[in-house]
Amino acid sequence: MKKIINPWKGLEGYNCFGCAPNNESGVKMEFYEDGDEIVSIWKPRPDYQGWINTLHGGIQAVLLDEICAWAVLRKLQTTGVTSKMETRYRKPIDTQDSHIVLRASIKEVKRNIVIIEAKLYNKDGELCTEAVCTYFTFSQEKAKNEMHFLQCDVEPEEILPLI
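With the UniProt record's numbering as the guide, the letters of the sequence shown map in order to residues 1 to 163.
Right, here's the structure in full:
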């Protein structure tokens, strides 16, 4: 796996709830490229619970939506917006778990419409939540001019994330 470089890190005004490293209330996701998949390892916290010791479903949706966006960033080298998201909650996630793993991959591209599948696994590798996102992508010119996006690269060395 190779760590994906956040193309907006250090950009003034960048405060994404999903991926900005300095957003104190955000989830501060980081991403890796593993073949055709984008991967994120994330630590649940009690701050994000719904029921006692249970990760809120809305936070799970945020995590899945964000990893789908990063699949588009890295694999298609552009930005866009989620136009539809279908989520299936299969098993609760304990906010006291050491980590969860998210994986996403692009399944279909039709012009500027992209279908991405994402899955969320608990620390034991059990599938807990899955989503299919329909994403509307922007032209590279719009991504550059309006989203300050130039490219999405990876670090040169292979790594094994600590989990």
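Built from N, CA and C at the ideal position, the CB exists for glycine as well.
None of these values were measured; they are calculated from a predicted model.
Identify whether residue i lies in helix, strand or coil by the three-state DSSP scheme.
| i | result |
| --- | --- |
| residue 20 | coil |
| residue 164 | Shown here, the chain extends from 1 to 163; a query on residue 164 therefore has no answer. |
| residue 141 | helix |
| residue 94 | strand |
| residue 45 | coil |
| residue 88 | strand |
| residue 106 | strand |
| residue 68 | helix |
| residue 12 | coil |
| residue 37 | strand |
Which residue or residues does DSSP assign as beta-bridge partners of residue i?
| i | result |
| --- | --- |
| residue 121 | 101, 127 |
| residue 3 | 32 |
| residue 115 | 108, 134 |
Roughly how many angstroms lie between the CA atoms of residue i and residue j, to the nearest whole one?
| i | j | result |
| --- | --- | --- |
| residue 156 | residue 4 | 10 angstroms |
| residue 149 | residue 78 | 7 angstroms |
| residue 26 | residue 47 | 11 angstroms |
| residue 120 | residue 106 | 15 angstroms |
| residue 159 | residue 74 | 17 angstroms |
| residue 103 | residue 39 | 5 angstroms |
Can you give the beta carbon distance from residue i to residue j, rounded, assuming they're within the 8 angstroms contact cut?
| i | j | result |
| --- | --- | --- |
| residue 87 | residue 55 | Not a contact, Cβ separation roughly 13 angstroms. |
| residue 15 | residue 23 | 5 angstroms |
Query raised in the report: Contact between the segment 101–120 and the segment 136–143: three or more CB pairs below 8 angstroms?
Result: yes
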